[in-house]
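Participant: Chains as they are written, first to last, in the numbering used here: chain P, 264 to 542; chain A, 264 to 542. Backbone N, C-alpha and C define an ideal beta-carbon position, used for all residues, glycine too.
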C-alpha cells in the first residue's frame, strides 16, 4: 500500500467538503496554498466560476481534477424528462472534459416521482448510461458509476452496491467504470470481492473517503472526517490498491453542523493530517 | 397471494408501533378490541407486565404471538460481555417460550465499542447464535435472524442482507431462520432470489411491514405507515408467499414525531385499513 504519511499530492479535495464556505476559486487557491494535489468540483460551483475560467485557474494551480460531480439522475417519470436528463448529462461530460477531469461521477438517481418500481428505475439507469456513452466516448471522458448507500435508494441512487455497478459495467462495455466511496460501501459483505472484480477489469476510476459516525444525526449531511467514525479506511484502501488503483484519495464530507461551520483552512489542514495518518 | 382485503386475523401488532402510548396489557386489549389476530411484544414491555401474566392475558385474548423482540446483540469487546449477552439471550428464549411466541427475533448487534472490525463482528454473531442454539432447540424456539438495513450496520446489526442471513442459516443448521422486514430489505437487488432461497429451505419465520418515507428525517425513528412511502409491499409479500410463507403480517413502526403522538386506537384502525388495502 502506498505510504501517505508524508503525502499531500495524492490527496484531492472534493468541493463538497467546504461547500458552505468557499467558491470554486477559493477552493483552488486553498488546495494550492496547502499543497493538496487534486480537486473535484461540483457542477454548481463550476457554473458559478465558468468552466473555461475554472479550467485555467486549475491548470495554473497545477491541480489534477479527480472527477466532476456529478452526472446521473437518469430515472424520470416521462420521456421528456428523460431527454432533459440526457441533455444535461451530455453537458456534464463537456464540462468534465473542459476542466480535464479524470472522470465524470454518476449519481444515477432513485425512483421517479410517484413510483415504487425500483427494478424499473434500475433499468432506466442502464438505458440512460447506454444513451450517454457515445457522447462520453467521443469526449474520451470515463463515466464513473458511484454506488450510493442503500439509505439513498429512493431519492438519490438505486445503484447501491459495487456488485450492481460492476454488473452495469459488464453490460455497458468500454468507457464506464466505478467510483468507490468508503461511506457508501463499507458495510457491504461482498466489498472485498467486488473491489477485486472491478480492479481486474481496470475500472476503478475514483476512491473517496470520509467516515461513518455513530450516531449519525442526518441521512445526508452528517458525514464524518476520516478517523472520527467506524470505517476501517486503510483496509479498504489496501483492497483498492491491491486491485491496481493508483489514483488519488478524494475527501468528500457533507457535514452541515460540523465541518461546514469551521474555518475552511482548518478543515483542509485536518484533511491533510487525517490523510497522512488514518487513510 | 392471500386476500387481505377483509382480513384482520393475519395482521399482527408489533408493540413498537404504539410503544410511546401503551403498555403491553393495553396493546393486548387493543388488539382484541380491533380484532387484530396477533401481537409481537418487545422485551421491555414484557418485563413490565411479567412473562407469566402476559402469557395468560395473551391466551385469554386469543392472540397468536408472531415473535418476541428481541434477542441478539452478540458482538462484544470482552469475553465477559459476550457471556452476559449469551445469558441474556437464553433468558429471551425462555421468555419467548413462556408466551408461546412463534420465534425469537434476533437483532444481531453491530460493532463492539471502539472496534472497526465488521468482519470480526460478523464472526461473533455466527458464534453467538451457535452458542445459543442448543438452548433454543431444547425450548423448541426458532431463532429468526432479521437482516437490518445497512444504515444500522455499525450500531445495531451487522447482518444487513437476506443473503447474509441465509448464509448464516446454512452454516448453523436446524432451529434458525429469517425474518423479512420490508423496511430493511426493500432496496436489495438480490431480494427476490434470496426470499426464494429462504423459502426453499422453509426458514421464513416472520414478515414485517412499514414503509420508507421520502424524505426520512431520522435514521431510527421515522418509519412510515404502509402506503405512505415508496416500498412496493405487495410485490415483496407476493415473493414471500410464493416462497411458502403462510404466517402473519406484522406491523412494526418506529415513528417518534408522527404515529407515536397519535391516539393509539386510531393508529390501530389505520394499520387495519392499510393492511387490507396496500399490504
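(1) If you follow the alpha helix (DSSP H) that residue 392 of chain P is in, where does it begin and where does it stop?
(2) Where do the N-terminal and C-terminal ends of the beta strand (DSSP E) with residue 471 of chain P fall, by residue?
(3) Going by the CB atoms, is the gap between residue 522 of chain A and residue 280 of chain A shorter than 9 Å?
(4) Could you check what DSSP says for residue 494 of chain P in three-state terms: helix, strand or coil?
(5) Whole angstroms is fine: what's the gap from residue 275 of chain A's alpha carbon to residue 402 of chain A's?
(6) Using the three-state DSSP reduction, which class does residue 292 of chain A fall into: helix, strand or coil?
(7) State yes or no: is the C-beta of residue 358 of chain P within less than 9 Å of the C-beta of residue 314 of chain P?
(8) Answer with buried or exposed for residue 513 of chain A, where buried requires no fewer than 16 other C-beta atoms within 10 angstroms of its C-beta.
(9) Residues of chain A with CB under 8 Å from residue 380 of chain P, in chain order?
(10) What does the alpha-carbon distance come out to for the pair residue 298 of chain P and residue 272 of chain P?
(11) Are the Cβ atoms of residue 459 of chain A and residue 441 of chain A separated by less than 9 Å?
(12) Can you list, in chain order, the residues of its chain with a C-beta nearer than 8 Å to that of residue 519 of chain A? Leave out the 5 residues immediately preceding and following it.
(13) Going by alpha carbons, who is nearest to residue 294 of chain P out of P:478, P:324, P:380?
(14) Any contact between the region 392-408 of chain P and the region 431-438 of chain A? By contact I mean 3 or more CB pairs, one from each, below 8 Å.
(15) Just by C-beta distance, which residues in the region 393-412 of chain A are closer than 8 Å to chain P?
(16) Go ahead and label residue 269 of chain P buried or exposed: buried means 16 or more other beta carbons lie within 10 angstroms of its beta carbon, across all protein chains shown.
(17) Report the three-state DSSP secondary structure of residue 521 of chain P (helix, strand or coil).
(18) Whose Cβ in chain A lies nearer than 7 Å to the Cβ of residue 423 of chain P?
(19) So residue 418 of chain P contacts chain A; which residues on that side make the cut at Cβ distance below 8 Å?
(20) If the criterion is Cβ atoms closer than 9 Å, does the pair residue 372 of chain P and residue 420 of chain P meet it?
(21) With DSSP as the reference, please indicate the residues paired to residue 313 of chain P in a beta bridge.
(22) Runs of 4 residues minimum, wholly inside the region 410-457 of chain A: which ones carry the alpha helix (DSSP H) assignment?
(23) Please list, in chain order, the chain P residues whose beta carbon lies closer than 9 Å to that of residue 289 of chain A.
(24) Taking 9 Å as the CB-CB cut-off, is residue 336 of chain A touching chain P?
(25) What number of angstroms, rounded off, separates the C-alpha of residue 384 of chain A from the C-alpha of residue 378 of chain A?
(26) Contact criterion: CB-CB distance below 9 Å. Does residue 427 of chain A meet it with respect to chain P?
(27) Between the region 348-375 of chain A and chain P, which residues of the former have a C-beta closer than 7 Å to a C-beta of the latter?
(28) Would you verify that the beta carbon of residue 391 of chain P is, or is not, closer than 9 Å to some beta carbon of chain A?
(29) Is residue 484 of chain P close to chain A, meaning its C-beta is less than 9 Å from at least one C-beta of that chain?
(30) Out of A:347, A:488, A:287, which one is the CA nearest neighbour of residue 308 of chain A?
(31) Excluding sequence positions up to five away, which residues of its chain have a Cβ less than 8 Å from the Cβ of residue 524 of chain P?
(32) Helix, strand or coil: which one does DSSP assign to residue 281 of chain A?
(33) Can you check whether the CB of residue 363 of chain A is closer than 9 Å to the CB of residue 322 of chain A?
(34) Just checking residue 424 of chain A against the ligand SAH - is the residue's beta carbon closer than 8 Å to any of the ligand's heavy atoms?
(35) If you follow the beta strand (DSSP E) that residue 534 of chain A is part of, which residue opens it and which one closes it?
(36) Would residue 333 of chain A count as contacting chain P if we go by Cβ distances under 9 Å?
Facilitator: According to the structure shown:
(1) 381-401
(2) 467-472
(3) Yes, the pair counts as a contact, with Cβ atoms nearer than the cut-off.
(4) coil
(5) Going from the Cα of residue 275 of chain A to the Cα of residue 402 of chain A covers about 23 Å.
(6) helix
(7) yes
(8) buried
(9) Neighbours of residue 380 of chain P on chain A, chain order: 495.
(10) 7 Å
(11) no
(12) So the qualifying residues of the chain are 283, 481, 484, 485.
(13) P:324
(14) Flag = no, the region 392-408 of chain P and the region 431-438 of chain A do not touch.
(15) 412
(16) exposed
(17) coil
(18) 450
(19) 477, 478
(20) Closer than 9 Å, so yes.
(21) Its beta-bridge partners do not exist; DSSP assigns none.
(22) 425-435, 445-448
(23) Those do not exist, as residue 289 of chain A stays about 30 Å from chain P at its closest Cβ, beyond 9 Å.
(24) Cβ-Cβ to chain P under 9 Å: no for residue 336 of chain A.
(25) 9 Å
(26) yes
(27) 374
(28) no
(29) no
(30) A:287
(31) 283
(32) Residue state, collapsed to three classes: helix.
(33) yes
(34) For the structure depicted, the ligand SAH is absent and the ligand set is empty, with no information on it obtainable.
(35) Per DSSP, residue 534 of chain A belongs to no beta strand (DSSP E); it is in the alpha helix (DSSP H), 527-540.
(36) no
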